[in-house]
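Participant: Under the UniProt record's numbering, the first residue of the sequence shown carries the number 1, and numbering increases by one thereafter. Virtual Cβ for every residue (Gly too), placed ideally from N, Cα, C. Treat the numbers as computed from the prediction; the structure is a model and nothing was measured.
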Amino acid sequence: MQQLRRLSFFDRSIVEKARFAPSTCNGSAISSGQGYATTTDLLPPALVQQQGAPAGPSRMSPLPSSNIVCTAGTDDCLWMGDDTGVLHTLDLNFQLKSRKSFDICFVAMHAALQASCIVCIGRDAPTDKPGSTGAPLEGSGDAEDVRTRQGILKYKCYSTTQVDGRGNPVLLREAGLFSKIPEQVLLCSDINQNFTMLAVGTEGAGICLFRGNLLREKTCRLRLMKENDETVTSVRFLASPADAKVHYMLVCYTTSIKCYSIPLRGEPKVSHTDIVPAASRLVVSVLPSLGTFVVHHDEGIFCVDPDQGNLWALPAEGRCHILATHRSYIVSVTTEQAPAGGELTNAGSSEGSTEPFPLLSKNAKHETLTIHLCYPDLRLIAYSSQMRGVMHVVSAMDTLFVIARGGSTDCNVLFDVKEKSFDERLSILLRKRLFNWAAEVAIQDHQPQQVLQEVYRLHGDWLYSKNMPDKAVEMYIKTIGFLEPSAVIQKLLDAQELRHLALYLLHLHLAGCAMQQHTLLFFKCTSRLKDDSLLASFLEDPRISKTCCLTVALNECRLNGDTELACRIASRHGYHDEHLSLLLETQEFTKAVDLLKQVDAPTACSLLLKHGSTLLRHSASDVLLLLSQFIKDYHTSVEVFIPLFVDDSDLLLLFLSLLLHGVPVARRLVPQHEALCINSRLNAAIEEARVAISANPSIFGCTAFSSLLELLLRKWHASHLSHQGESGGADSLVDGHRGSQGTGIEGKSLEMSSLRTEILLKTLKSRSMTHEEQFRSTVLCTIFGFEEGVALECEKRDELQLPVAYFEATDDISSLLRFCMKNGSKAPILWTQTLNILASRRGTERQIREVLMHIERYRLLPPLTVLEILQQSPAVTLDAVKDYFLRASDDLSDQLEHSHELLQSDRAEVSHMAEEIERFRNQAQVFDSERCDFCFLPIELPSIHFRCGHSFHIYCLSSNGDNKMSAAQASGLSHSSYLCAICTPQFNAKRLLLTQREAEACNTDDFFKFLRGSTDGFDFILSCFGRGLFPSPLTKIDPTKDQTGLDSLIRNCACMKASRKVDLLPENFQYHSLRVPGPWGLDSSQDFPSIFPHQTTDKL
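1) In three-state DSSP terms, what is valine 251?
2) How would you call tyrosine 634, buried or exposed, if buried means at least 16 neighbouring beta carbons within 10 angstroms?
3) State the start and end residues of the unbroken beta strand (DSSP E) segment that holds methionine 913.
4) Leaving out five residues before and five after cysteine 702 in sequence, what residues of the same chain have Cβ atoms less than 6 Å from its Cβ?
5) Considering just the uninterrupted stretch of the beta strand (DSSP E) at lysine 269, what are its terminal residues?
6) Note down the Cα distance separating aspartate 647 from serine 815, rounded to an integer number of angstroms.
7) For the pair the segment 164-173 and the segment 84-100, tell me if three or more CB-CB distances fall below 8 Å.
8) Check this for me: beta carbons of leucine 625 and alanine 685, under 9 Å apart or not?
9) Taking the continuous alpha helix (DSSP H) assigned at glycine 204, which residues delimit it?
10) Within 10 Å of its beta-carbon, does glutamine 923 have 16 or more other beta-carbons around it, so buried, or fewer, so exposed?
11) Just to confirm the assignment, what range does the beta strand (DSSP E) spanning proline 169 have?
12) Have a look at His720, Pro862 and Arg528 and flag the residue whose alpha-carbon is nearest the alpha-carbon of aspartate 1019.
13) At the level of alpha carbons, what is the spacing between histidine 296 and leucine 430?
14) With C-beta atoms as the reference, is isoleucine 489 less than 9 Å away from leucine 521?
15) Measuring alpha carbon to alpha carbon, tell me which of Thr763, Ala981, Asn679 and Glu674 ends up nearest serine 707.
16) Taking C-alpha atoms, which residue in Leu378, Leu63 and Ile322 lies nearest to serine 328?
17) Between the segment 398-418 and the segment 99-111, do three or more beta carbon pairs fall short of 8 Å?
18) Measuring straight from C-alpha to C-alpha, what distance separates histidine 953 and phenylalanine 987?
19) Is the segment 211-228 touching the segment 278-288 in the sense that three or more CB pairs, one from each, lie closer than 8 Å?
20) Is alanine 244 buried or exposed, if buried means 16 or more other CB atoms sit within 10 Å of its CB?
21) When DSSP builds the beta bridges, which residues end up paired with tyrosine 375?
22) Could you check whether the segment 457-474 touches the segment 441-449, counting it as contact only if at least three pairs of C-beta atoms, one from each stretch, sit closer than 8 Å?
23) For alanine 695, which of Ser753, Ile631, Ala324 and Ser465 has the nearest alpha-carbon?
24) Which value, in whole angstroms, describes the spacing of the CA atoms of isoleucine 813 and phenylalanine 784?
25) Cα-Cα, which of Arg947, Pro942 and Cys948 is closest to tyrosine 955?
26) Just checking, does the segment 377-395 make contact with the segment 63-75 on the three C-beta pairs under 8 Å criterion?
27) What residues are listed by DSSP as bridge partners for tyrosine 575?
28) Could you give the first and the last residue of the continuous alpha helix (DSSP H) run that contains cysteine 525?
29) If you reduce the DSSP assignment to three classes, tell me which class glycine 1045 lands in.
30) Evaluate asparagine 67 with the Cβ neighbour count: other Cβ atoms within 10 Å of its Cβ, from every protein chain shown; 16 or more gives buried, anything less gives exposed.
31) Please tell me whether glycine 81 and phenylalanine 94 are closer than 9 Å, where the distance is taken between their beta carbons.
32) Just to confirm before moving on: does the CB-CB distance between proline 306 and glycine 291 stay below 9 Å?
33) For cysteine 105, collect the residues of the same chain with a Cβ closer than 7 Å to its Cβ; drop the 5 residues on either side in sequence, then sort them by chain order.
34) Which one of Ala839, Leu596 and Glu850 has the shortest CA to CA distance from arginine 818?
35) Contact between the segment 615-625 and the segment 661-681: three or more CB pairs below 8 Å?
36) Examine the Cβ distances between the segment 300-315 and the segment 255-266 and report whether three or more of them are shorter than 8 Å.
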């Protein structure tokens, strides 16, 4: 085994208490005022006399004077049990408190930190036979004290957090240890941290394993484990790091050790077995920080893994009788030889013993207290000191306590072996240039990262000063992120250590701490070193952050002409923009297209928008294929890609035509790109894109459609101007051969112009446009002079006045007439506007005749208005309008004759009505009807006769509910409530018509609406007069003065209507003993105007 280096990480001091003890006591005085008994009072009188001591001042030790059998430690207290059964506790202020725990003595003590309790094992006097002395147990020596052979073994649990009113720890549990089996001789014991397992090593029964909640359950599960006849020397528990419900138990025999895996329930399993020399004395402890058992025998200290066995060993000199652990330290107490008075015992070991602790002989040799620091990668001796009479070593109150017995008074002495502060330990390591150990100590102590980085920096500086740059750079690399890189870079640059500088810069990039100048410096170093390995590490390591400015490296590679390296850098680290730019610079267009296919769609789209113009010039088919796929897969708007074609309008026209009209139309429209139209892959992608556009028309939006229309109009305008110019040139040629050649060119231009006109009209007609698209289309067609498009778009928008103004401005009379012929039926006012336009021009007689014919057909204007329009133009001749006015004169004559006929008919009817009124006034009416006009049965009383000449039975009219006036019936009228069943419906219809006409007279909006929509406004107004839509207050007309212009019969009728009341018959005229009603069921007292309304001339 290797020899370990010795350092001093601990300071030892004696713990004393400044107090004066009473002269009558040889031990520590315990205040009776607190209810405690002194240690002397608790000892038997014989032992007090035997251990008598001179009176006077004590050593001021905080420990009791009795023999301490066992100890345990917690974070705030040191627990001790002596051979008289007294439990002592020492707090942080080193105040000692004692209480009687066992009747006879303590045997062992263990701390269950997770259960917050201390488990004490000791002997109590038997309760069934008080005062009797038990028989000696087998296997006991004659030298044993009598007290240790009396009583029964019990375990008692005291709380580490709860105290009673007197300040004593609360007793949580008390139970017999061997209640289920015969009493055994206890050799060793241990518990797990949560006190669910208790293992007791005995002479006869082997290992007694108790499992369960030993703190709360009254019963527990006992398992006896004895596999051989060897004596059990020690037992220890260790928690499993993988499963909290499983613990490992190490059992040491005289010649072997066994490790068991013990669950809370179930069978224990052997995980490891090893053999040790037969003469070795085994001392066992547990190192939780490493998860191992610690076993000391004559060959050294061994760390044993529960599953793998021995891991490593530490050298040890002498014979160990105490082995303990503190944090990551292993503490051992060894002696070179046994004392002269007898062999040393392991009374101070943490597992305890059943033997008494005799006072050590005066000639006992010094013992060695050794503390080993054990980290996974570091082992050293942290402290070593000669001591005497060491009885116990215990870790408590965040320090290490050593209890020894000796001195002039032969009392218990407490030593505090305290670990030095981290700064002191670090200073010791750095002074001795143990930088690696210093870094390990900083890591294991969980120090801040700045401390560790400072250790690395000091280590690197020391290595650099010793001319070891390789190892120095390794240390400097560990300081990345905390140490300023400029200090390291300047140091390496001064020494021209370019390789080490490049390595440091590489790791600076890997850590994501590099800046632009660091990247530039790295590439300069690699270019001078010609080292491809460093460059490959830089390019292929994915940890290099993209935040470092690799564009500087790319520019450096470009300046050096190494574009291949620049492409590798850009490709490796995702600089797609720079990569594509490099490929285009080297004219590797195929690789550029492959790059666009490899990246994701948003990236490819952005790259295309930036570099697509260059690619279109060299690989148009691939770019159009990508655009079609974007439109199909992601429904990308077409207008996004229009800027790509800024340098090639023909290619843009082809692309938009393919998407809107398909391959056949685009192929005819742009013949110079016919090679693209025969590409099968492109055609298939275009068709899929067109399907996507059909499903979502917004893809081919307003901007894209306007761009296509503008390109088509430009092409049409150019061909139209070329056709006009070639036609003029061909007419001026004299030579026949040249004339025929010009005719061929003219025909070709005419064909191309017709084709583009056809496609333009198809584009305008086939698309369902929005309002914005219609507006833009109208403006574009107007700008480029495409008359068919202007007319078509104005028809769609119902703006028919715009084409008229356009044709007037361009002096295109033929197009104006064609437009009026097409839309005159929808808007007849167009003919009126056209007539005004034609009247202001010469040589338009034929067009004027045509316009007048349509005006006459639709009756748009009266002849006088037409005459007024035409007479303003001196260019219009009589020959152009003669036929129209002759036909108008004939029509007026026919209308006059028809009006005279209607007038005669009205006069005859009025005369007949006047005669009838006169007859009703002056002559009696004879009712000679013999049958009822309703049931056609002979007339019988009671019956009723109407002045209209109809007669009915009363019950016939009563059965016909429609002939009764509900209001009159409700008021009690019997006869006057009846109406003629035959004449009443006709009268009601005329009355309703009259009411409607009166309502229409008040609705001016409807009047003007119908006036605008009528073909002849004069006839409409006359009909309104005839229907009484313009009522005026009636004034009484003087019969002697003709104020109306009507004949005398009509004037007399008007005077009659103006009178207030007119009695038709005598008031008391009766027939068949009944009051004779009027012809509508009204008596003769009714007003005449209510019977014959003055608004109508129809006879009932």
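Facilitator: In terms of the structure at hand:
1) The DSSP-derived three-state label of valine 251 is strand.
2) Of the other Cβ atoms in all chains shown, fewer than 16 fall within 10 Å of the Cβ of tyrosine 634; this residue is therefore exposed.
3) Run containing methionine 913: none in the beta strand (DSSP E); it sits in the alpha helix (DSSP H), 878-922.
4) Within the same chain, cysteine 702 has close Cβ partners Glu772 and Glu773.
5) Per DSSP, lysine 269 belongs to the beta strand (DSSP E) from 269-275.
6) Approximately 37 Å between the Cα atoms of the pair.
7) Contact between the segment 164-173 and the segment 84-100 is established, with three or more Cβ pairs separated by less than 8 Å.
8) Cβ distance < 9 Å, so leucine 625 and alanine 685 count as in contact.
9) Per DSSP, glycine 204 belongs to no alpha helix (DSSP H) and is neither H nor E.
10) When all chains shown are included, glutamine 923 counts as exposed.
11) From DSSP, the beta strand (DSSP E) with proline 169 extends over 169-176.
12) Aspartate 1019 has its Cα closest to that of Pro862, out of His720, Pro862 and Arg528.
13) Their Cα atoms are separated by approximately 32 Å.
14) Leucine 521 is positioned such that its CB atom lies closer than 9 Å to that of isoleucine 489.
15) The residue from Thr763, Ala981, Asn679 and Glu674 with its alpha-carbon nearest to that of serine 707 is Thr763.
16) Among Leu378, Leu63 and Ile322, the Cα nearest to that of serine 328 belongs to Leu378.
17) Pairwise C-beta distances place the segment 398-418 out of contact with the segment 99-111, as fewer than three of them are shorter than 8 Å.
18) Computed Cα separation, rounded: 21 Å.
19) Segment contact: the segment 278-288 against the segment 211-228, fewer than three CB-CB distances shorter than 8 Å; contact not assigned.
20) Counting every other CB atom within 10 Å of its CB across the protein chains shown gives alanine 244 a total below 16, marking it as exposed.
21) Under DSSP, the beta-bridge partners assigned to tyrosine 375 are Leu378.
22) No: fewer than three Cβ pairs fall under 8 Å.
23) Considering only alpha carbons, the answer is Ile631.
24) One C-alpha to the other measures close to 19 Å.
25) Comparing Cα positions, the closest option is Pro942.
26) With the rule of 3 Cβ pairs closer than 8 Å, the segment 377-395 counts as touching the segment 63-75.
27) Paired residues: none, contrary to the question.
28) Where cysteine 525 is concerned, the enclosing alpha helix (DSSP H) stretches over 516-529.
29) Below a pLDDT of 50, predicted positions are generally treated as unreliable, and glycine 1045, at 42, falls in that range; no measurement from the model is reported.
30) With 16 or more other Cβ atoms within 10 Å, it is buried.
31) Taking 9 Å as the Cβ cut-off, glycine 81 and phenylalanine 94 do not qualify as a contacting pair.
32) Going by C-beta atoms, proline 306 is nearer than 9 Å to glycine 291.
33) Answer for cysteine 105: Val69, Asp83, Thr84, Gly85, Gly122, Arg123, Arg147 and Thr148, listed in chain order.
34) Among Ala839, Leu596 and Glu850, the Cα nearest to that of arginine 818 is on Glu850.
35) Taking a cut-off of 8 Å on C-beta distances, the segment 615-625 touches the segment 661-681, as three or more cross pairs fall below it.
36) The count of Cβ pairs closer than 8 Å, one atom from the segment 300-315 and one from the segment 255-266, reaches three, so the stretches are in contact.
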